[in-house]
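Protein chains in written order, with numbering that gives the first Met the number 0: chain A, 0 to 365; chain B, 0 to 520.
Ideal Cβ positions, reconstructed from N, Cα and C, are used throughout, including at glycine.
From a predicted model like this one, the values you see are computed outputs, not experimental measurements.
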Amino acid sequence: MMSGITKDHQRFRQIVKGKIRDDLRKFLTRGELLGREGNKAISIPVRGIEIPHFRYGDNDDAGVGTGDGKPGDQADRNGEGIGPGGTEEGRHVLEVEISLNELAEILGAELKLPRIEPKGKRRLTSEKDRYSGIRQTGPESLRHFRRTYRRALRRHIISGTYDPDNPTIIFERSDRTYRSWKTTTSPQSNAVIIYMMDVSGSMGDEQKELVRLEAFWIDAWLRRNYEGIESRYIVHDVRAGEVDRETFYRIREDGGTRISSAFRAARDLIGSRYVPHEWNIYLFHFSDGDNSSESDSRECCTLLRDELLPMCNLLGYCQVASAYGSGNFINVLHEHLGDDERLVTSRVNTKDDIYDSIKAFFSAGR
Amino acid sequence: MTVRQETMRDTIARWAEEIAEFARREQLDFYETRFELLDADEISQVAAYGGFPQRFPHWRYGMEYERLQRTHRYGLGKIYEMVINNDPCYAYLLNDSHVVDYKTVIAHVYAHCDFFKHNHWFSGTNRRMMDEMANHATRVRRYIDRHGLDRVEPFIDTCLAVEDLIDPHSVFMRRDADRWTRTHPPVESEAPRVTRYPAKQYMEDFINPPSALARERDKKQKEKDAHETRMPAHPMRDVLLFILEHAPLSDWQADILSIIRQESYYFAPQGQTKIMNEGWASYWHSTIMTRYCLREEDLITYCDHHSGTLATSPGRLNPYKMGIELLRDIERRWNTGRHGLEYERCTDMEARRTWKTCEPPEGAVIGRGSPGREKIFEVRRIYNDVTFIDEFLTPEFAEDQKLYHYRMDPATGRVVAVKNEFDKIKQQMLFMLTNHARPYIYVLDGNYRNRGELYLGHRHNGVDLDIKYAVETLKSLQRLWGRPVHLHARIDDDAVLFSFDGQQSTQQRVDDSVPSPACKL
């Protein structure tokens, strides 16, 4: 009898998503979404859904209240309904709840990102045994007493040997049943994202904010495509080291920049933990591109060409504009490795560039 | 689960029968009422549909549903009951309530139902609306199947933007009804009079030259003709009707618009009587519970929930509270004779306070048959919220209830309570209740500048229109009308004409260069 509302509700959600898609660029730059995960609902304001009506403006924002209101007291009104007429109705912007997964879905649809084709001949799976089955044979330690008893009881009754006054049940071989296991396989994550960030002196808070936002949306999109994806974080100035997520975003270092140190750290990390032909490896490097020396840049290119690029699905290099002028590293990459399609570069100067940057990274569907 | 549900329904039916008996004893009179038990989610669905199990499909109901669901989930509000003005009356009750809640709500429902049946403002409503709504749903669904959601839905959106442009009073008067069934020929107006200056016979042709007279006569005749064929003949509040009659709508479009208009008319009285209706229902659930139904062990729960319903918070006006208190005040006043000229004129506060010119008749049961009780029955029959507040809100009452008036302080931009001036309070309340606190919009010309353009006017009563919304709404009107539409409104004491021609929104100050419409407000 009530199926109508479900349809109406779905249609409403569809419209909401459409509106969000229209405003996607704006949502991508919203810092407060950071740190949200998966299926938890987040509340975001959506404009332009409401149906307009002729109504009164604010030039006489007045009403009647009840209570001990003395002249001059601030009238406490939260949003709607100051009275029976409710002149306040709907004056605020509609807030809708949506999960991050849905948001990532919209992101994918709007940027026309293809679903990623995982590499590796087989998906990695983990096997687990669960004792959920029943068999006629097995060790006595796994005997299912209740079932065995029931079968025996039934046999006694059918064959007429059951005596209610002396209800002794004797098991036979055919009554015995045993617990047995079934092997279930569940797909296991075979993707890892390694984030590398330049935390040298030239990377200010503004730059880090850009990195944070970009990384957040990269994460959101990849999580839609792989279950239980792993994330690793590397920071570097002239030396590199692995850190946890919190540190990655908070840390403030000083000093020069030697990008090759990060690439080496990434190589070592992959070598120790992730077998390249079974893992989908995503590498993202964020820097202002102000590498310390030409020779180090050349070394980076060698490292990338010979070791890192062959291992990974994608290496995204994202160069943010720093206060000291934009660096040169992106040009070096173009020059030496511009023809390798696993390397994607983008420049992010302001928050508005994040949209195009994400699109550049994932439009190949790797 | 089904077993439990079934027995619960039986119990409810038994209680309903008992309570109906008490209600009838108190002279309430209602349609047969059917109670349905719903869980919180189902009742949100019904509430999103304005109380009905079925409405035509539209995402707006989905939006409302989501809002109600969220309100419920966060514990910000609970809907105990929904009653439909229908014969038989349908009432939906929340199924995980306390026993005493069920009884209270049932009593409450019967009073609503009595109100629907007897309040004059509901007399024009369709009492088979349950079926009608289902038919509307079927019709709209068929249009969607036939013409596609991508055509029907935007059209419904457009119609909903103007759904409130109806004339709720038209239900009670037959404007122009005898126009086509006259018993006498209409009084022909005489030939137009021309200005003729007094003159001696021999000067006549000189002072009133025949050519000038003829010219003037022609001009006046033309004006008169134009006046007689103007459209509409008078400012028309039922904008939707005007659009239905004159806009180039296809059959399915006209049908959808008429469905929306019909539903607006159906819901209008509920908007007009919110305070009275809830007040009446609260008055009776309180009376019936305390006189007949309340068991000792339920007393605390009952009081807790009853006071929860009537709770007020600063800056809000609770219609339940306002209604029940005002009804009780009326009952008290009429029981003690505090009304009429003599009482009104009495300025001695002490005399007014202790006024008692009327004794309840000897041996009368408390309440029943008393002049106060008679009076509130009369009130429920003929008043709506506006007339109710206008007639019965007294300074004493306002003070008792601690009503105050607040407004935005232009200096600080904060909303602050201002003087507890009775006139201001009353004026503000009436304003909030009049036309559902929506502006009055009239059709002034359907053939503006002889170009088939629609010209609307806002009747200004102290508060300006919200410009942003007006511009958006005008776009919807243009989509319905097909030709350019104009809205005449007063903004900051200037007459402004908002226009939308399908592409561009414009606004201009109204001065002599702007042609005037067929009718004036």
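Taking the straight line between their C-alpha atoms, what separation do you get for Pro83 (chain A) and Cys518 (chain B)? Summary for Pro83 (chain A): the model assigns pLDDT 34, below 50, so the residue's position carries little reliability, and this model does not support an answer.
With burial defined as no fewer than 16 other Cβ atoms inside 10 Å of the residue's Cβ, what is the status of Asn348 (chain A): buried or exposed? exposed
In the DSSP output, what is Pro44 (chain A) paired with across the bridge? A:Glu94
Distance, Gln68 (chain B) Cα to Ile381 (chain B) Cα: 36 Å
Once DSSP output is grouped into helix, strand and coil, what is the label at Phe29 (chain B)? coil
Three or more beta-carbon pairs under 8 Å between the region 236-245 of chain B and the region 34-52 of chain B, yes or no? no
For Gln506 (chain B), I'd like the list of residues in its chain whose CB is within less than 6 Å of its CB, leaving aside the five on either flank, ordered along the chain. Val495, Phe497
Taking the beta strand (DSSP E) that Asp493 (chain B) belongs to, which residues open and close that run? 493-499
With DSSP as the reference, label Leu106 (chain A) as helix, strand or coil. helix
Contact set for Asn290 (chain A): own chain, Cβ-Cβ below 6 Å, skip 5 residues either direction: Thr256, Ile258, Ser296, Phe328
By the DSSP assignment, the alpha helix (DSSP H) with Tyr79 (chain B) in it spans what residues? Looking at the DSSP string, Tyr79 (chain B) is not in any alpha helix (DSSP H), and its letter there is neither H nor E.
Please name the residue or residues paired with Asn279 (chain A) in a DSSP beta bridge. A:Ala190
Is Arg297 (chain A) helix, strand or coil by DSSP? helix
Distance CB(Ala261 (chain A))-CB(Ile217 (chain A)) smaller than 7 Å: no
Between Leu326 (chain B) and Arg379 (chain B), what straight-line distance do the alpha-carbon atoms span, to the nearest angstrom? 9 Å
Taking only three categories from DSSP, how would you classify Lys521 (chain B)? Summary: the structure shown does not reach residue 521 (chain B), with chain B confined to residues 0 through 520, and so no result is reported for it.
What did DSSP end up calling His338 (chain B) once you bin it into helix, strand or coil? coil
What's the gap between the Cα of Gly368 (chain B) and the Cα of His284 (chain B)? 19 Å
Using a Cβ cut-off of 7 Å (strictly closer), state whether Gly288 (chain A) contacts chain B. no
Using DSSP bridges, identify the partner residues of Glu452 (chain B). B:Tyr447
Inspect the CB distances between the region 455-465 of chain B and the region 248-265 of chain B and report whether three or more fall short of 8 Å. no
Per DSSP, Ala61 (chain A) is paired with what? B:Arg406
Near-chain B residues of the region 39-65 of chain A - C-beta to any C-beta below 8 Å: Ile48, Ile50, Pro51, His52, Phe53, Arg54, Tyr55, Gly56, Asp57, Asn58, Asp59, Asp60, Ala61, Gly62, Val63, Gly64, Thr65
In this structure, does DSSP put Gly56 (chain A) in helix, strand or coil? coil
Kindly say whether Arg33 (chain B), judged by its beta-carbon, lies nearer than 7 Å to any beta-carbon of chain A. no
Contact list for His8 (chain A) against chain B, beta-carbon separation under 7 Å: Gly61, Tyr64, Glu65
Closest by C-alpha distance to Gly83 (chain B), when choosing among B:Gly76, B:Phe114, B:Arg59, B:Glu63: Before going further, note that residue 83 (chain B) is Ile rather than Gly in the sequence given. Closest by alpha carbon: B:Phe114.
DSSP on Ile258 (chain A), reduced to helix/strand/coil? helix
Is the beta carbon of Asp128 (chain A) closer than 7 Å to that of Thr182 (chain A)? yes
Counting contacts by CB-CB distance shorter than 7 Å, is Ile14 (chain A) in contact with chain B? yes
I want to see whether chain B comes within less than 7 Å of Phe11 (chain A), judged by CB atoms only; does it? yes
Cβ pair Gly322 (chain B), Met275 (chain B) closer than 7 Å: yes
Measure the CB-CB distance between Ile206 (chain B) and Ala213 (chain B) and report whether it falls below 7 Å. no
Which of the three DSSP states, helix, strand or coil, is assigned to Glu87 (chain A)? With a pLDDT of only 38 at Glu87 (chain A), under the threshold of 50, the placement of this residue in the model should not be trusted, and no figure is reported.
Can you tell me whether Glu20 (chain B) is buried or exposed? The criterion is at least 16 other CB atoms within 10 Å of its CB, across all chains shown. exposed
Would you say Ile105 (chain A) faces chain B, with C-beta separation under 7 Å as the test? no
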